[in-house]
Amino acid sequence: MRVALVKYGVGNIYSISSALQRVGFSVDVLDEPSMLRKAPLYDLLVLPGMGAYPAAMRFLEPVKHYILAALESGTFLFGICLGMQLLYEGGWENNVWTRGLGFLPGVVDKLHSRKRPHIAWTSV
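The numbering of the sequence shown is our numbering, which starts it at -9 and goes up by one.
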């Protein structure tokens, strides 16, 4: 399977690349906007995580049509953490609204409940 990791200026993509290669995938890193033209040639596009929503969208907005062309050609799209959030219509971060890719309906917003999911290591 040919996989393209989209490097949009945030996060550490090399650990994801190593993991995918370890299980036998061929991985390319697309780190320039013009490289996204090749997106339809891949079986899977991965949008990695960690980073700021606005910064990621500044990179992705001008090349969104390449990602859409890849989806229309049958390429799968997988978002990790921030990458998954970018798939929605938009999101709030630090009280700033940023338009997302719009591939999924909905908005990413802060959890307003006092109860939070527990995401951490816990001693037993």
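Ideal Cβ placement from N, Cα and C applies to all residues, glycine included.
Predicted, not measured: the structure shown is a model, and the values here were computed from it.
Check residue i in the structure and name its three-state DSSP category.
{"i": "serine 63", "result": "coil"}
{"i": "arginine 12", "result": "helix"}
{"i": "phenylalanine 93", "result": "coil"}
{"i": "valine 53", "result": "helix"}
{"i": "leucine -5", "result": "strand"}
{"i": "glycine 73", "result": "helix"}
Taking Cβ positions, are residue i and residue j nearer each other than 8 Å?
{"i": "threonine 116", "j": "methionine 40", "result": "Outside the displayed span of the chain (-9 to 114) sits residue 116, for which this structure offers no information."}
{"i": "leucine 35", "j": "isoleucine 6", "result": "no"}
{"i": "glutamate 83", "j": "glycine 90", "result": "no"}
{"i": "proline 107", "j": "threonine 65", "result": "no"}
{"i": "leucine 20", "j": "alanine -6", "result": "yes"}
{"i": "valine 17", "j": "leucine 10", "result": "yes"}
{"i": "proline 44", "j": "valine 86", "result": "yes"}
Quick check: the Cα distance between residue i and residue j, rounded to an integer number of angstroms?
{"i": "leucine 37", "j": "arginine 12", "result": "19 Å"}
{"i": "lysine 28", "j": "histidine 102", "result": "40 Å"}
{"i": "proline 52", "j": "glycine 73", "result": "16 Å"}
{"i": "glycine 14", "j": "tyrosine 32", "result": "15 Å"}
{"i": "alanine 110", "j": "cysteine 71", "result": "15 Å"}
{"i": "leucine 76", "j": "glycine 92", "result": "8 Å"}
{"i": "lysine 54", "j": "leucine 67", "result": "12 Å"}
{"i": "glycine 96", "j": "glycine 81", "result": "9 Å"}
{"i": "arginine -8", "j": "serine 63", "result": "14 Å"}
With DSSP as the reference, please indicate the residues paired to residue i in a beta bridge.
{"i": "tyrosine 78", "result": "Leu94"}
{"i": "threonine 88", "result": "Gly81"}
Note down, one range per segment and in chain order, each beta strand (DSSP E) of at least 3 residues found wholly within the stretch 16 to 46.
-> 16 to 20 and 34 to 37
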